[in-house]
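In what follows, a single structure is set out as structure tokens and then discussed.
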Amino acid sequence: MSAVITVKSLAKAYRYAKRRGGFFEAFSPEHVTVEAVAGVDFEVGKGERVAIIGPNGAGKSTTLKMLSGILEPSSGEATVLGLTPWKQRKALAYRIGVVFGQRSQLWGELPARESFALLRHIYDQEAAPFAKRLGELTERFALAELLDQPVHRMSLGQRMRCEITASLLHGPNLLFLDEPTIGLDVTAKAAIRDFIREHARDHGQTVLLTSHDTRDIELVCDRVIVVNQGRIVVDQPTDQLRRRFLGRKIITFQSAGQGVSLNLPGVTRRASEAHATILEVDTRLTRVEQVIAAALADGGIEDVTIEDPPMEEVIAEIYASTHAA
Amino acid sequence: MRRDLTAAAVALRIGAGQAMAGWTVLAGRCLFYVLIMTVLSALWDKVAAEPARGAISLPAGGLVLYVLATEWITLALPAVHMKFEDDIRSGGLEPHLLRPKFYLLQSLAQSLGGTLVRLAVLGVTAVVWLAMTGRQGPPAGAYPYLFVLGVLAVTVGMLLYAVAGLCAFWTRRILPVQLVIQKLMFLLGGLFAPITLYPDWLRKLAEATPFAAHLYWAGVQALAPSGAMFLTAAAWQVLWIVLLSLLCLVLWRAGLAKVLREGGV
Numbered sequence: 101m102s103a104v105i106t107v108k109s110l111a112k113a114y115r116y117a118k119r120r121g122g123f124f125e126a127f128s129p130e131h132v133t134v135e136a137v138a139g140v141d142f143e144v145g146k147g148e149r150v151a152i153i154g155p156n157g158a159g160k161s162t163t164l165k166m167l168s169g170i171l172e173p174s175s176g177e178a179t180v181l182g183l184t185p186w187k188q189r190k191a192l193a194y195r196i197g198v199v200f201g202q203r204s205q206l207w208g209e210l211p212a213r214e215s216f217a218l219l220r221h222i223y224d225q226e227a228a229p230f231a232k233r234l235g236e237l238t239e240r241f242a243l244a245e246l247l248d249q250p251v252h253r254m255s256l257g258q259r260m261r262c263e264i265t266a267s268l269l270h271g272p273n274l275l276f277l278d279e280p281t282i283g284l285d286v287t288a289k290a291a292i293r294d295f296i297r298e299h300a301r302d303h304g305q306t307v308l309l310t311s312h313d314t315r316d317i318e319l320v321c322d323r324v325i326v327v328n329q330g331r332i333v334v335d336q337p338t339d340q341l342r343r344r345f346l347g348r349k350i351i352t353f354q355s356a357g358q359g360v361s362l363n364l365p366g367v368t369r370r371a372s373e374a375h376a377t378i379l380e381v382d383t384r385l386t387r388v389e390q391v392i393a394a395a396l397a398d399g400g401i402e403d404v405t406i407e408d409p410p411m412e413e414v415i416a417e418i419y420a421s422t423h424a425a
Numbered sequence: 002m003r004r005d006l007t008a009a010a011v012a013l014r015i016g017a018g019q020a021m022a023g024w025t026v027l028a029g030r031c032l033f034y035v036l037i038m039t040v041l042s043a044l045w046d047k048v049a050a051e052p053a054r055g056a057i058s059l060p061a062g063g064l065v066l067y068v069l070a071t072e073w074i075t076l077a078l079p080a081v082h083m084k085f086e087d088d089i090r091s092g093g094l095e096p097h098l099l100r101p102k103f104y105l106l107q108s109l110a111q112s113l114g115g116t117l118v119r120l121a122v123l124g125v126t127a128v129v130w131l132a133m134t135g136r137q138g139p140p141a142g143a144y145p146y147l148f149v150l151g152v153l154a155v156t157v158g159m160l161l162y163a164v165a166g167l168c169a170f171w172t173r174r175i176l177p178v179q180l181v182i183q184k185l186m187f188l189l190g191g192l193f194a195p196i197t198l199y200p201d202w203l204r205k206l207a208e209a210t211p212f213a214a215h216l217y218w219a220g221v222q223a224l225a226p227s228g229a230m231f232l233t234a235a236a237w238q239v240l241w242i243v244l245l246s247l248l249c250l251v252l253w254r255a256g257l258a259k260v261l262r263e264g265g266v
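These protein sequence lines map, in sequence, to chains E and S.
Here this note's numbering is used: the first residue of the first sequence is 101, the next is one more, and so on.
Here this note's numbering is used: the first residue of the second sequence is 2, the next is one more, and so on.
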């Protein structure tokens, strides 16, 4: 598999002035250097779908910015599609698609159709292939009803479908996705994940994704790079990582009376509140539906919430295990 | 280059579309234009009726046409400085940097598109206001001059605000810079009265500034149109458009280098 992304000893340190108290100290600020990315190495092959995960401040967005060309590294090398991103930003822009979950690339007051029309000219696309691609994406994403609606009147889920469409209209070889499902409801998240996975598979597109949502990683990516404090601590296929670290669920039972008490293998009780019992379930030993069925049989359940363990816990576990190793 | 200009032309059209889509805001500007002209025309009518009291002589017929032109330009201006400040401070610049076209050119073209729509609608409002109040407008031959100078004047104003907006790369908040530029537009640009009323040394100084290119030259053309005056005015305006464009380019390049190096402001 040929490498689409090659990263060697890539590092980024930020230097900022630390404020100190006092009038005269304001004129001689103390400078602090923070190492956001501390010399990472990895390769991504053509058609691979790779997630970069890690807690806040781990360096994943910084890495993504350097690879997309909008941030210069302090040291190290990287090539993306044969180009050095921060030196050939404009040439690279024609070949990559980028979605920032928390930032819009569309024009709020205008209908999506007009934003797409402007993007055609921004990416120098011929009218006919562009129209064909837009038609396909409109059908796949059920956008027909939305095209003439101003973007600012769309729901977050509708807007995100338009954002992803906008990032694909010029037919990029590589897609960078920074938190693409942030803030979306369950249905919208599922639609986005299905689309990204299927589109990438059908078009042989390479995807590099960052997310805090483990479902994004499990359902979209076939490989996971875990970063912590600017360093790669794990780089392995998703299946292996899931077996090692993501095989746990947190189930919260709300009940009017006393808490739920279950005696099942792999089910442990976490610190709980008065009418809420929080259980941690090792899904390799007991399936989630078995736990819920047992709790319902116990009676008195009013509500159930199923969550992944917080990413910080997963990362902490990974980090602890890598240290132990 | 041709493709860059094509993309800029599309951005200009989109900017015009945005201004028309926000027709309520546009209507509000027109209403404010009528209101402010009603007040200022009353003031200048009174001053013109009692010329002996002033130490300076005013043009015949007062200054209503002058103020009508300067307010026409002022109210058509875009808030491009706020867009730049917002994009630079919020990180909203990033999606634009990931595109192959020049953000500065695209943004200015989009702003100019909206500005031209406002200029046209406010121009019609001015003509209607003149007709409704029974005032005599500029001679018919002055309108083409005014149209050209008006377009150049808003371009100068937009570029002045763009300079203020690009300062956000270093100052984060641009309000102090914006206020200075705005007040100089009023004072050295001659928003309410022509700079010919100033002492000679101050008039000469003001005439050579971008602020006069923004307001004074178009205003004075409404008052006393002439071909020679038009050419002088257009020359000053084009000169300042070139110089301010270069200044914007320098600020943009320095600011972009900072963002690429430091990852934000």
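Beta carbons are placed, not taken as given, at the ideal position from N, Cα and C, and that holds for glycine.
Start-end ranges of the alpha helix (DSSP H) lying completely within the region 21-98 of chain S, minimum 4 residues: Taking only runs of at least 4 residues, the alpha helix (DSSP H) segments lying wholly in the region 21-98 of chain S are 24-50, 65-77, 81-91 and 94-98.
Residue-chain proximity (Ser168/E, chain S), Cβ-Cβ < 8 Å: Interface annotation, Ser168/E: in contact with chain S, CB-CB separation under 8 Å.
Candidates Ala111/E, Leu192/E and Gly154/E, of which the one nearest Asp313/E by Cα: Ranking Ala111/E, Leu192/E and Gly154/E by Cα distance to Asp313/E puts Gly154/E first.
Met230/S versus Ala141/S: straight-line alpha-carbon distance, rounded: Each residue's CA atom was taken as its position, placing Met230/S and Ala141/S some 16 Å apart.
contact_flag[the region 360-379 of chain E, the region 389-402 of chain E] where n(CB pairs < 8 Å) is 3 or more: The region 360-379 of chain E is in contact with the region 389-402 of chain E.
Under 8 Å from the C-beta of Pro145/S: neighbouring residues of chain E: Simply none; closest approach about 31 Å.
Within chain S, partners of Val198/E - CB distance below 8 Å: What Val198/E touches in chain S, judged by beta-carbon distance under 8 Å, is Pro96 and Leu99, going in chain order.
Inter-stretch contact at 8 Å, needing at least 3 Cβ pairs: the region 133-140 of chain E / the region 213-220 of chain E: No: fewer than three Cβ pairs fall under 8 Å.
Extent of the continuous beta strand (DSSP E) to which Phe200/E belongs: First-last of the beta strand (DSSP E) with Phe200/E: Ile196 to Phe200.
Classification of His252/E by the beta-carbon crowding that lies within 10 angstroms, buried from 16 upward: Around the CB of His252/E, fewer than 16 other CB atoms lie within 10 Å, so the residue is classed as exposed.
Members of the region 247-261 of chain S near chain E, C-beta cut-off 7 Å: Listed in sequence order: Leu261.
Environment of Lys118/E [buried if 16+ CB atoms lie within 10 Å]: Residue burial annotation: Lys118/E is exposed, with fewer than 16 other C-beta atoms found within 10 angstroms of its C-beta.
Under 7 Å by beta carbon: chain E residues contacting Thr172/S: Residues of chain E whose Cβ lies closer than 7 Å to the Cβ of Thr172/S do not exist; the shortest such Cβ separation is about 15 Å.
Rounded straight-line distance, which links the Cα of Leu167/E to that of Ser109/E: Our two residues, Ser109/E and Leu167/E, have alpha carbons roughly 13 Å apart in a direct line.
Extent of the continuous alpha helix (DSSP H) run through His299/E: Looking at the DSSP string, the run of the alpha helix (DSSP H) that includes His299/E is Val286 to His303.
Nonlocal neighbours in the same chain, by C-beta distance under 6 Å from Gly169/E, ignoring five residues either side: Counting only Cβ-Cβ distances below 6 Å, and skipping sequence neighbours, we find Pro185, Trp186, Arg189 and Leu192.
Proximity of His299/E and Gln225/E at Cβ, strictly below 8 Å: Against a cut-off of 8 Å, the Cβ pair of Gln225/E and His299/E comes out as no contact.
Rounded distance between the beta-carbons of Arg14/S and Gly114/S, thought under 8 Å: Their Cβ separation, rounded to whole angstroms, is 6 Å, which keeps Gly114/S and Arg14/S in contact under 8 Å.
Per-residue contacts from Thr7/S into chain E (C-beta, under 9 Å): Contact note: Thr7/S reaches chain E through His221 and Asp224, using a C-beta cutoff of 9 Å and chain order.
Neighbour list for Lys84/S in chain E, Cβ cutoff strictly below 8 Å: Within 8 Å Cβ-Cβ: nothing; Lys84/S doesn't reach chain E, min ~12 Å.
Close-in-space but distant-in-sequence residues of the same chain around Glu263/E (CB under 7 Å, 5 per side omitted): Closer than 7 Å at Cβ, skipping near neighbours: Val199, Ser204, Gln205 and Leu206.
Where Glu417/E sits in the DSSP three-state scheme: Assignment of Glu417/E by DSSP, reduced to helix, strand and coil, places it in the helix class.
Residue range of the beta strand (DSSP E) that includes Ile153/E: Where Ile153/E is concerned, the enclosing beta strand (DSSP E) stretches over Arg149 to Ile153.
Ile282/E: first and last residue of the uninterrupted alpha helix (DSSP H) it sits in: Taken as a continuous stretch (DSSP letters only), Ile282/E belongs to no alpha helix (DSSP H), as it is neither H nor E.
Run of the beta strand (DSSP E) containing Thr352/E, from where it starts to where it stops: Segment Arg348 to Ser355, the beta strand (DSSP E) holding Thr352/E.
Enclosing alpha helix (DSSP H) for Asp201/S [first to last residue]: In this chain, the alpha helix (DSSP H) harbouring Asp201/S covers Asp201 to Glu208.
Which listed residue (Tyr217/S, Thr39/S and Leu206/S) has its alpha carbon closest to that of Gly135/S: Of the listed residues, the one whose Cα sits closest to Gly135/S is Thr39/S.
Coarse secondary structure for His375/E, derived from DSSP in three states: In the structure shown, His375/E sits in coil (DSSP, three-state: anything other than H, G, I, E or B).
Straight-line gap, Glu402/E to Phe353/E (C-alpha atoms, nearest Å): Glu402/E and Phe353/E: Cα-Cα distance of roughly 7 Å.
8 Å Cβ cutoff, Gln19/S in contact with chain E: Yes, Gln19/S counts as interfacial toward chain E.
Min CB distance Ala169/S to chain C below 8 Å: In the displayed structure, chain C is absent; the protein chains listed are E and S.
Member of Asp5/S, Phe85/S and Gly220/S whose CA lies at the smallest distance from the CA of Gly75/S: It is worth fixing the name first, because residue 75/S is Thr in this sequence and not Gly. When Asp5/S, Phe85/S and Gly220/S are compared, the shortest CA-CA separation from Thr75/S is found for Gly220/S.
Delimiting residues of the beta strand (DSSP E) encompassing Lys118/E: For Lys118/E, the enclosing beta strand (DSSP E) stretches over residues Ala103 to Lys118.
Within chain E, partners of Ile15/S - CB distance below 9 Å: Within chain E, the residues whose beta carbon sits less than 9 Å from that of Ile15/S are Trp207, Leu210, Glu214, Ser215, Ala217 and Leu218, listed in sequence order.
Contact list for Glu172/E against chain S, beta-carbon separation under 8 Å: In chain order: Leu261 and Arg262.
Whole-Å CB distance - His82/S paired with Gly166/S, under 8 Å assumed: About 4 Å; that satisfies the 8 Å criterion.
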